[in-house]
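Engineer: Every letter in the sequence shown is one number past the one before it in the UniProt record's numbering, and letter 5, counting from 1, is 5.
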Amino acid sequence: MLVDTRSSADILYLQVYYRLGLPCKHLKQVSTPLTGFPGHSVYPTGIAELDLTVGEAPRKTTVRASFTVVDIPDPSYNVLIGRPLLNDLRAVIWGDGGVKSEVLAKSLAPKTNMRTTCPG
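1) Any idea what DSSP makes of A57, helix, strand or coil?
2) Tell whether a beta-carbon distance below 7 Å holds between T68 and I47.
3) Less than 7 Å between the beta carbons of D71 and L20, yes or no?
4) Could you name the residues of the same chain whose beta carbon sits closer than 7 Å to that of S7, not counting the 5 residues immediately before and after it, in chain order?
5) Terminal residues of the continuous beta strand (DSSP E) containing L12?
6) With distances taken between CB atoms, is the gap from G86 to A65 smaller than 7 Å?
7) With respect to the beta strand (DSSP E) encompassing L80, which residues constitute its N-terminal and C-terminal limits?
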């Protein structure tokens with residue numbers, strides 16, 4: 001998981017969507033590309049509305065999250081948490097900046113423009 005406070009979208013990779021056992025028919029269609037994605041624009045496969053529970057009692061909370069599903073080969077992480085979900089969770093961000101820099105550098109490697117569809 002990558003927490004990116006600069007991202008205006010919450011991203012779930014298609015491989016992860018499949019591993020969750022979710023069918024493509026539940027994805028809401030979207031035709032607008034994600035711009036500013038590392039190295040290129042990406043056309044999403046769809047939008048997934050998922051209930052997400054984070055934390056432990058007594059600070060456990062569940063929110064409905066809208067994840068933009070994209071198909072990118074060999075992503076560096078399973079999900080990108082951006083500002084929408086961080087705001088819904090009222091999250092306070094802290095962590096190891098060195099690790100963040102390494103992950104970010106790998107994710108910014110140039111890639112080609114891709115358009116994908118969800119089979120089935």
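From the three backbone atoms N, C-alpha and C, an ideal C-beta is built for every residue, glycine too.
Structural biologist: Let's see:
1) Here residue 57 corresponds to residue number 57 of the sequence shown, with the count starting at 1. Of the three classes helix, strand and coil, the one that applies to A57 here is coil, per DSSP.
2) Indexing the sequence shown from 1 puts residue 68 at position 68. Indexing the sequence shown from 1 puts residue 47 at position 47. Yes, the pair counts as a contact, with Cβ atoms nearer than the cut-off.
3) Along the sequence shown, one-based indexing puts residue 71 at 71. Along the sequence shown, one-based indexing puts residue 20 at 20. No, Cβ-Cβ distance for D71 and L20 is not below 7 Å.
4) Locating residue 7 in the sequence shown gives position 7, counting from the first residue. Contacts found: L80, G82, R83.
5) Here residue 12 refers to the residue found at position 12 when the sequence shown is read from its first residue. 10-13 is the extent of the beta strand (DSSP E) around L12.
6) Within the sequence shown, residue 86 is the residue found at index 86, counting from 1. Within the sequence shown, residue 65 is the residue found at index 65, counting from 1. Just to set this straight, residue 86 is Leu in the shown sequence, not Gly. Cβ atoms of L86 and A65: not closer than 7 Å.
7) Start at 1 with the first residue of the sequence shown, and residue 80 comes out as number 80. Segment 79-81, the beta strand (DSSP E) holding L80.
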